[in-house]
Amino acid sequence: MLSPWLRVGRGLGLLCAVVVIGTGGYLAFGFGLLDALYQTVTTISTVGFREVHPFSTGEKVFTIALIFGGVGSALYTFGVLLETLVEGRLSESMRRRRMQHRIDQMSGHVVICGWGRVGRTVARRVAGYGATVVVVDSDPERLEGIVHPFVIGDATDDEVMRAAGIEKASTLVAALTTDADNLFVTLSGRSLNQSLFIVARARLASAEAKLFRAGANRVVNPQEIGGARMAAFALQPNVAEFLDVVMHDGSLEFRLAEVTIPQGSALAGCSLRDSHLRDRTGALVLALRHPDGTFTTNPDPDVV
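Going letter by letter, the sequence shown gives residues 1 to 304 in our numbering.
(1) Would you tell me roughly how many angstroms separate the C-alpha atoms of L27 and L12, rounded to the nearest one?
(2) Alpha carbon to alpha carbon, how far is Q194 from C113? Give it in angstroms, no decimals.
(3) Could you pull the start and end residues of the beta strand (DSSP E) that D179 belongs to?
(4) Tell me whether F68 is buried or exposed, calling it buried when 16 or more other Cβ atoms sit within 10 Å of its Cβ.
(5) What is the rounded straight-line gap between the Cα of G30 and the Cα of G72?
(6) Taking the DSSP output, what are the residues bridged to I198?
(7) Roughly how many angstroms separate the alpha carbons of D302 and S271, rounded to a whole number?
(8) Would you grab the beta carbon distance between A207 and D179 for me? Rounded to a whole angstrom, and I think it's under 8 angstroms.
(9) Apply the 10 Å Cβ neighbour rule to D274 and answer buried if 16 or more other Cβ atoms are within range, or exposed otherwise.
(10) Per DSSP, which residues does A287 bridge with? Please list them.
(11) Is the segment 219-236 in contact with the segment 136-156, if contact means three or more CB pairs nearer than 8 angstroms?
(12) Can you list, in chain order, the residues of its chain with a C-beta nearer than 6 angstroms to that of V199? Leave out the 5 residues immediately preceding and following it.
(13) Who does F150 pair with in a DSSP beta bridge?
(14) Examine the Cβ distances between the segment 184-192 and the segment 152-160 and report whether three or more of them are shorter than 8 angstroms.
(15) Round the Cβ separation of V111 and A169 to the nearest angstrom and send it over; I've been treating them as touching at under 8 angstroms.
(16) Report the rounded CA-to-CA distance for L288 versus P299, giving the unit in angstroms.
(17) Report the start-end ranges of each beta strand (DSSP E) in the segment 8-78 that is 3 residues or longer and not cut off at the edges.
(18) Report back the beta-carbon spacing between L196 and R190 to the nearest angstrom; my notes put them in contact at under 8 angstroms.
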């Protein structure tokens, strides 16, 4: 089956062929080139101008055939073009509705605002851990070919954020271009979902404190992190490479993971020794984070 746009091309080609045949026919009847082309175009378009000169019987028969051929070709081309445009819009509309319905059914997903280099990297990493991602961006062209559900619109608009399911999301990543936009997104996300975990991008160090005050749980400055990693590779390349493999590669037989012990768990209030985590799961506890936010690294087996 031919693609719609190939059918449109075929119709245009047929219309051009009718023009060539019509011009050639009038040339054969003794018309000049310009007169032949003019007579062909006015005949096909049915505008009703007068003939270049009075027609003979043969010229009249040829003109009648040209009218049928030209009008038929034009109607076919216009019909196929209209069908293609309507089908394309309907198909896109139905696809968007299905995608929105899918987003409406989501819960505990990650909303990423901004589909730039940072947003793409975050989505790839997050999806690699099995999390569901919804992307928000105002540029439709930037979202072409995206594999994740998305919402086209201004991320600073509450209605757009609601369409992305922010009220049922677990995490918001504000990765827009400017600190001001990320500040608005952070405020919006926090007002719509008090339990939301918000990670915001900061371009300037002066914006970090503002983003925290707006409700961000974590603020990341890509330039600072990039500089720190480059320094680590410059001074301790083997250690830096090992940490990269552990955190992102997945080729080793172990990985770093964060585990939350909820209230009421059998492990709550239990020492590491009595929990037998190593025996039961093979997990090695590298650090404990206490309710006050402090860490205990390489904890003693008797630590609760």
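Don't be surprised by glycine CBs; every beta carbon is placed ideally from N, CA and C.
From the atom records:
(1) 23 angstroms
(2) 18 angstroms
(3) Per DSSP, D179 belongs to no beta strand (DSSP E); it is in the alpha helix (DSSP H), D179 to L192.
(4) exposed
(5) 26 angstroms
(6) L172
(7) 5 angstroms
(8) 4 angstroms
(9) exposed
(10) T297
(11) no
(12) V173 and R218
(13) V135
(14) yes
(15) 5 angstroms
(16) 7 angstroms
(17) none
(18) 7 angstroms
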